[in-house]
Ligand SMILES: [Mg+2]
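In the numbering used here, the protein residues as written are 6 to 453.
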């Protein structure tokens with residue numbers, strides 16, 4: 006058939022079908038009218054969405070008609086998440102989970118900043134697990150392929166508990182990091198407003214820490230990192246002395262990052278960042294916003310970034326690429342730390358990483374509470390990130406999960422890196438027979 010004949014045939018078919026539509030014979034969209042040949046039916050579709058709390062971790066399962074399952078975890082800090090996950094079930098049942106973008110276009114608008122983007126993120130990650138298994142390839146192949154065969158991780162959580170928050174205690178924790186079997190090459194320390202320092206060090210800032218003692222009745226639950234205010238001179242010097250103590254132990258062998266907030270004033274942020282320039286920090290995280298603040302404040306971050314050579318970082322609470330746009334275009338930060346379990350999933354994170362790279366901004370994804378399934382998702386996406394990738398935060402897990410998951414390297418971390426594995430999907434499987442014994446009565450049908 007010539008091009009002319011083909012065009013004439015298409016026109017005839019369009020008019021014939023249009024007439025049929027106008028006569029009320031069929032219901033058909035204009036897009037379908039122009040499609041040739043008719044689309045083939047999906048052979049895989051979502052039949053169920055489930056959520057269970059298993060040994061302290063939020064686990065979701067997407068069930069399909071073919072018997073292929075997708076699994077993912079949300080942060081273990083969100084044990085209340087189950088009803089929020091189930092909210093999306095009616096929107097996704099019947100859809101093809103391997104058309105990840107199509108499902109996401111439908112549900113991504115119904116999420117928000119941490120913690121309310123977590124359910125959408127977990128669904129996205131579980132769909133990639135299915136897509137990889139169906140294609141018979143590791144997920145990194147579907148995200149563009151491997152840029153690196155091992156991914157660097159950094160030490161975030163899991164450090165010994167602190168009580169004094171003084172230089173000697175920080176130095177002692179730094180020695181623990183240095184001796185850790187994982188061989189970390191980067192360590193992040195929680196300090197200042199991102200620690201209990203304001204409660205422990207007298208006159209640390211011009212404010213009053215939230216305290217159970219302030220309760221009029223029953224002791225209410227407190228928010229994490231509740232501080233906001235102006236540092237005293239004593240407080241400022243305390244932070245600097247503690248950082249010097251950490252750096253004195255880590256030396257030049259282990260890169261140092263700090264998680265400091267949120268809650269610092271702009272002037273304190275600038276003073277602190279400038280004072281710590283000789284420490285050659287990898288980044289200062291969430292000085293102003295972060296964690297559970299549902300906004301970005303790019304202009305304020307830009308003021309700090311433009312005033313210091315210390316790299317300024319934010320982003321673990323941010324949901325979707327759209328909310329990074331202003332940070333990037335204003336050059337407001339030098340490093341960002343979105344968490345795949347909050348940002349909207351791994352393809353969202355990959356997109357953000359590419360856009361960050363176009364703006365000279367580095368990637369250090371958050372992940373401390375993502376568990377072992379979150380670890381697998383972080384490995385897959387981090388393998389595909391451009392050269393702005395620094396490291397992701399090594400996730401913590403309850404001990405039982407190490408016997409419930411197979412497919413991880415043993416040991417998981419060697420010389421501060423994780424070797425990227427090649428099994429299909431996320432490349433890790435839940436040993437159902439083992440996991441079943443940890444199911445609560447409420448979740449007893451999770452694996453059925
Ligand atoms: Mg943080």
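Virtual Cβ for every residue (Gly too), placed ideally from N, Cα, C.
* To do: May I ask which residues mark the beginning and end of the beta strand (DSSP E) holding residue 74?
  => For the purposes of this step, residue 74 is identified with residue 69 of the chain shown, where counting begins at 1. If you look at residue 74, you'll find it in the beta strand (DSSP E) that goes 74-79.
* For the stretch 407-417 and the stretch 128-145, state whether three or more C-beta atom pairs, one from each stretch, are separated by less than 8 Å. => Per the Cβ contact rule, the stretch 407-417 is not in contact with the stretch 128-145 (fewer than 3 Cβ pairs under 8 Å).
* Euclidean distance between Cα positions of residue 345 and residue 326 -> Here the question's residue 345 lines up with position 340 in the chain shown. Here the question's residue 326 lines up with position 321 in the chain shown. Between residue 345 and residue 326, the C-alpha separation is close to 12 Å.
* To do: Give the DSSP bridge partners of residue 329, in chain order.
  => Counting from one through the chain shown, the residue named residue 329 turns up at place 324. Beta-bridge partners of residue 329 (DSSP): none assigned.
* **Close beta carbons around residue 43, own chain, < 7 Å, minus the five adjacent residues each side** => Here residue 43 refers to the residue found at position 38 when the chain shown is read from its first residue. Confidence is the limiting factor: at residue 43 the pLDDT is only 46, short of 50, which leaves the residue's position unreliable, though a coordinate-based value still follows. Excluding sequence neighbours, residue 43 sits near nothing in its chain.
* Asked: When you compare only the Cα positions, how much space is there between residue 435 and residue 257?
  -> To locate residue 435, count along the chain shown from 1; it is residue 430. To locate residue 257, count along the chain shown from 1; it is residue 252. For residue 435 and residue 257, the distance between alpha carbons rounds to 39 Å.
* Which of helix, strand or coil DSSP assigns to residue 372 -> What you label residue 372 is simply residue 367 of the chain shown in a count that begins at 1. The three-state secondary structure of residue 372, taken from DSSP, is coil.
* Scan the stretch 254-338 and note each continuous alpha helix (DSSP H) run of 4 residues or more that stays entirely inside, going in chain order. => Runs of the alpha helix (DSSP H) inside the stretch 254-338: 271-280, 303-310, 330-334.
* As assigned by DSSP and simplified to three states, the class of residue 137 -> The sequence position of residue 137 within the chain shown is 132, counting from 1. The answer is helix: DSSP assigns residue 137 an H, G or I state.
* Asked: Should the stretch 149-162 be regarded as contacting the stretch 385-405, the criterion being three or more beta carbon pairs within less than 8 Å?
  -> Touching, per the Cβ criterion.
* **For residue 145 and residue 240, the rounded distance between their alpha carbons** => Looking up residue 240 in the chain shown gives position 235. Looking up residue 145 in the chain shown gives position 140. Distance from the CA of residue 240 to the CA of residue 145, rounded to the nearest whole angstrom, comes to 45 Å.
* Asked: Going by C-alpha distance, which of 182, 235, 438, 388 is nearest residue 410?
  -> Walking along the chain shown from the start, residue 410 turns up at place 405. Ranking the options by Cα distance to residue 410, first place goes to 438.
* Going by beta carbon distance, what residues of the same chain come within less than 8 Å of residue 440, once the five residues before and after it are set aside? -> Residue 440 sits at position 435 when you count from the first residue of the chain shown. Within its own chain, the residues whose Cβ lies closer than 8 Å to the Cβ of residue 440, once the five positions on either side in sequence are excluded, are 59, 409, 452, listed in chain order.
* To do: Look at the Cβ atom of residue 176, then the Cβ atom of residue 250, and state whether they are nearer than 8 Å.
  => Position 171 of the chain shown holds residue 176. Position 245 of the chain shown holds residue 250. Result yes, Cβ atoms of residue 176 and residue 250 sit closer than 8 Å.
* Could you check the C-alpha separation between residue 310 and residue 91 for me, to the nearest Å? => Taking the chain shown and counting its residues from 1, one reaches residue 310 at position 305. Taking the chain shown and counting its residues from 1, one reaches residue 91 at position 86. If I take the Cα positions, the gap works out to 41 Å.
* Asked: Taking buried to mean at least 16 other C-beta atoms within 10 Å of its own C-beta, is residue 272 buried or exposed?
  -> Position 267 of the chain shown, counted from the start, is the residue given in the question as residue 272. So residue 272 counts as exposed.
* Asked: How is the alpha helix (DSSP H) around residue 112 delimited, first residue to last?
  -> As a working note, residue 112 is residue 107 in the chain shown. Counting along the chain, the alpha helix (DSSP H) containing residue 112 begins and ends at 105-112.
* How about residue 265 and residue 286: are their beta carbons less than 8 Å apart? -> Counting from 1 along the chain shown, the entry for residue 265 is found at position 260. Counting from 1 along the chain shown, the entry for residue 286 is found at position 281. No. Outside cutoff.
* For residue 447, three-class secondary structure by DSSP -> Taking the chain shown and counting its residues from 1, the one referred to as residue 447 is at position 442. In this structure, residue 447 counts as helix in the three-state DSSP scheme.
* To do: Determine the DSSP secondary structure at residue 52, reduced to helix, strand or coil.
  => Here residue 52 corresponds to residue number 47 of the chain shown, with the count starting at 1. DSSP places residue 52 within a strand segment (E or B) once states are collapsed to three.
* To do: Sort 281, 284, 302, 100 by Cα distance to residue 268 and report the nearest one.
  => Counting from one through the chain shown, the residue named residue 268 turns up at place 263. Looking at the Cα atoms, 302 is the closest of the given residues.
* Which term fits residue 373, buried or exposed, when burial requires 16 or more other beta carbons within 10 angstroms of its beta carbon? -> Walking along the chain shown from the start, residue 373 turns up at place 368. Residue 373 should be labelled buried.
* **Rounded Cβ spacing between residue 148 and residue 98 (contact assumed at less than 8 Å)** => By 1-based counting over the chain shown, the position of residue 148 is 143. By 1-based counting over the chain shown, the position of residue 98 is 93. Rounded, the Cβ-Cβ distance is 25 Å, inconsistent with contact.
* To do: Using 7 Å as the cut-off, classify the Cβ of residue 264 as near or not near the heavy atoms of ligand 1, replying yes or no.
  => Here residue 264 is taken as the residue at index 259 of the chain shown, counted from 1. Yes.
* Asked: Is the stretch 66-75 in contact with the stretch 362-369, if contact means three or more CB pairs nearer than 8 Å?
  -> These segments do not touch.
* Out of 375, 230, 127, 388, point me to the one whose CA is closest to residue 358's CA. => In the chain shown, residue 358 corresponds to position 353, counting from 1. Cα-wise, what sits closest to residue 358 is 388.
* To do: Grab me the residues of residue 447's own chain with a C-beta within less than 6 Å of its C-beta, minus the 5 sequence neighbours each way, in chain order.
  => Locating residue 447 in the chain shown gives position 442, counting from the first residue. So no residue of the chain qualifies.
* Three-state class that DSSP yields for residue 430 in the structure shown -> For the purposes of this step, residue 430 is taken as the residue at position 425 of the chain shown. In this structure, DSSP gives residue 430 an extended state, which the three-state scheme calls strand.
* Asked: Is it true that the CB of residue 406 sits closer than 8 Å to the CB of residue 340?
  -> The residue labelled residue 340 in the question sits at position 335 within the chain shown. The residue labelled residue 406 in the question sits at position 401 within the chain shown. A distance of 8 Å or more separates the beta carbons of residue 340 and residue 406.
* **alpha helix (DSSP H) segment containing residue 180, residue limits** => What you label residue 180 is simply residue 175 of the chain shown in a count that begins at 1. Boundaries of the alpha helix (DSSP H) harbouring residue 180: 172-184, taken from the DSSP string.
* Beta-ladder partner(s) of residue 385, from DSSP -> Counting from one through the chain shown, the residue named residue 385 turns up at place 380. Paired residue(s): none; residue 385 is not in a bridge.
* **residue 114 classed as buried or exposed, judged by whether at least 16 other C-beta atoms fall within 10 angstroms** => As a first step, residue 114 must be located in the chain shown, where it is residue number 109. Classification of residue 114: exposed, given that the 10 Å Cβ count is below 16.
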